[in-house]
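Visitor:
Residue numbers (the numbering used here): 135 to 367.
Shown next, in the form of C-alpha cells:
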C-alpha cells in the first residue's frame, strides 16, 4: 500500500476521499449492562488483532475518533502495532462528539439480558430498538444518523481527496453505511460490525455530482479462512 494519500487511480474528473472506519476494541467490563454512549474503556490486549489490522490502514491519513476513550485507546493500539510516522510526523487524533455511539439515555446501565427479555422481540430491529424509537433521555438511531451524516459531509469537504481513518462505534459505522448506500436508518441496522473490524467507504466527487462506493464492510484482516464472531454491541 502506498504511503501517500491516494489521488492517483481515481478516474478523472472524480476526486476520491477514502473513509476507513474502524470499530473500537471490545468492552469487557460492562458487567452485562448496556453502555451505549457511556465512556467505558475497552480491551486492547489482543496484539494479534492489531498487528493484522495496522498494515492494512493507510499512512499519511487524517485520523478522527469520537470523544469517548475507547476509540482513543483503539487508535493508540493501532499506532503501536504499526509505523504510521510519515516524514517524521506522527498521526494526530481529532476527537469529535458527533461520531459517538448512540445515546441510549435511561437504558444505559440497565442489565442487557433483562432489557431484551422485557421488550417485544422484533426480527427487523437488529438493535436495541427500531431506528425511530428514542430512549427516555437519549436519542433514536435516526437522530444518530443525522449527526453522523453531517459530520461526514463536513469532514469529506475539509479533507477532500485524502484518506480519513475514523475510529468509532458500531452505531456510527452503521449510520455511515446507510448514508453510502442511500438506505433509510433502519436499513443500516441490518449490518454486523464487529469490534476492530474495518469498513471502507469511498466518496467520489465531481462537478456533475457525488456518490459513494463500498469497498469493504466488517472486514477482519487478522482472521484466516472462515468467519469470526465478536461480542454483542
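Ideal placement from N, C-alpha and C gives every residue a C-beta, glycine not left out.
Just checking my contact of residue 282 with residue 205 at CB under 8 Å: how many whole Å lie between their CB atoms?
Guide: With a Cβ gap of about 14 Å, residue 282 and residue 205 do not count as contacting.
Visitor: Using alpha carbons as the reference points, say which of 297, 238 and 339 lies closest to residue 271.
Guide: It is 238.
Visitor: For residue 365 and residue 330, what's the separation of their Cα atoms in angstroms?
Guide: Low local confidence applies: a pLDDT of 35 at residue 365 is under 50, so the model's placement there is unreliable, with the coordinate-based value given in what follows. Going from the Cα of residue 365 to the Cα of residue 330 covers about 11 Å.
Visitor: In three-state terms, what does DSSP make of residue 344?
Guide: Looking at residue 344 - three-state DSSP - the assignment turns out to be strand.
Visitor: Taking 8 Å as the cut-off, decide whether the C-beta atoms of residue 226 and residue 197 are in contact.
Guide: Yes, Cβ-Cβ distance for residue 226 and residue 197 is below 8 Å.
Visitor: Exposed or buried, residue 269, counting other C-beta atoms within 10 Å across all chains shown (16 or more means buried)?
Guide: With 16 or more Cβ atoms within 10 Å of its Cβ, residue 269 is classed as buried.
Visitor: In the DSSP assignment, what residue or residues form a beta bridge with residue 156?
Guide: Beta-bridge pairing links residue 156 to 301 and 332.
Visitor: Taking DSSP as the reference, what is the three-state secondary structure of residue 406?
Guide: There is no way to answer for residue 406, as the model of the chain reaches only from 135 to 367.
Visitor: For residue 326, I'd like the list of residues in its chain whose CB is within less than 7 Å of its CB, leaving aside the five on either flank, ordered along the chain.
Guide: Counting only Cβ-Cβ distances below 7 Å, and skipping sequence neighbours, we find 352.
Visitor: Take residue 276 and list the residues in its own chain whose beta-carbon comes closer than 7 Å to its own, dropping the five residues that flank it on each side.
Guide: Within the same chain, residue 276 has close Cβ partners 265, 266 and 319.
Visitor: Give me the Cα-Cα distance between residue 159 and residue 339, rounded to the nearest whole angstrom.
Guide: Rounded to the nearest angstrom, the two C-alpha atoms are 32 Å apart.
Visitor: Taking the alpha carbon of residue 388 as the point to measure from, which residue in 263, 297, 178 and 344 has its own alpha carbon closest?
Guide: No answer is possible for residue 388: the residues shown for the chain start at 135 and end at 367.
Visitor: What are the boundary residues of the alpha helix (DSSP H) that includes residue 208?
Guide: Here the alpha helix (DSSP H) through residue 208 covers 203 to 215.
Visitor: Between the alpha carbons of residue 347 and residue 233, how many angstroms are there, rounded?
Guide: When rounded, the distance between both Cα atoms is 21 Å.
Visitor: Alpha carbon to alpha carbon, how far is residue 168 from residue 356? Give it in angstroms, no decimals.
Guide: Looking at the two C-alpha atoms, the distance is approximately 27 Å.
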